[in-house]
Amino acid sequence: MRKWKRFQHALRHAFALQPIGQPFASDEIALLEKVAGAIVKRGMATPALVFLESLGPLHFLGSQVMHGLKPFLDLACNPTELERLAVILERRDSLERLSSCIQEQANIPA
14 MRKWKRFQHA
24 LRHAFALQPI
34 GQPFASDEIA
44 LLEKVAGAIV
54 KRGMATPALV
64 FLESLGPLHF
74 LGSQVMHGLK
84 PFLDLACNPT
94 ELERLAVILE
104 RRDSLERLSS
114 CIQEQANIPA
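In the numbering used here, the protein residues as written are 14 to 123.
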């Protein structure tokens, strides 16, 4: 029984993501605002917001897809920013923050 308890304790946080509520760093906020600005500049604010709302439960999977497509996305995007964005999107509250940045820049009421 004691081995089982140790095993449970060892795996307690094996698949844990970063908890909600930790503040974003200033460079993370700047990157999210840059992404939001690019979306708004292209007139894609509303479709992007609908997409982000529907993607909610799958945000972590989306960030992992970005890691997998990195060799192809590097051709069109800054590789360093792309890597940082993928890491930011692993956070649970990142989509809410990106949505609010898009709404602020597009002047869409919440």
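No residue lacks a Cβ here, since even glycine has one placed at the ideal position from N, Cα and C.
{"Item": "If you follow the alpha helix (DSSP H) that R97 is part of, which residue opens it and which one closes it?", "Value": "92 to 102"}
{"Item": "Just verifying my parser: in three-state terms, what is the DSSP assignment at P70?", "Value": "helix"}
{"Item": "To the nearest whole angstrom, what separates the beta carbons of I115 and A58, a pair I think is in contact under 8 Å?", "Value": "5 Å"}
{"Item": "Which stretch, first to last residue, makes up the alpha helix (DSSP H) that contains L108?", "Value": "107 to 119"}
{"Item": "Should K18 be listed as close to the ligand FMN, given that the test is whether its C-beta is under 6 Å from any heavy atom?", "Value": "The ligand FMN is not among the ligands present in this structure, which contains no ligands whatsoever."}
{"Item": "With 7 Å as the threshold, decide whether the Cβ of A99 is near any Cβ in chain C.", "Value": "Reference to chain C is not applicable here, since this structure consists of a single protein chain."}
{"Item": "Does the pairing of the region 104 to 122 with the region 46 to 63 give three or more beta-carbon distances under 8 Å?", "Value": "yes"}
{"Item": "Mind checking whether S67 and E103 have CB atoms under 7 Å apart?", "Value": "no"}
{"Item": "Let me know the secondary structure DSSP gives A23 once reduced to three states.", "Value": "helix"}
{"Item": "First and last residue of the alpha helix (DSSP H) that includes P36?", "Value": "Unbroken run through P36: none, as it is neither H nor E."}
{"Item": "Residues in the same chain with beta-carbon distance under 7 Å from F64, minus the five sequence neighbours each way, listed in chain order, please.", "Value": "none"}
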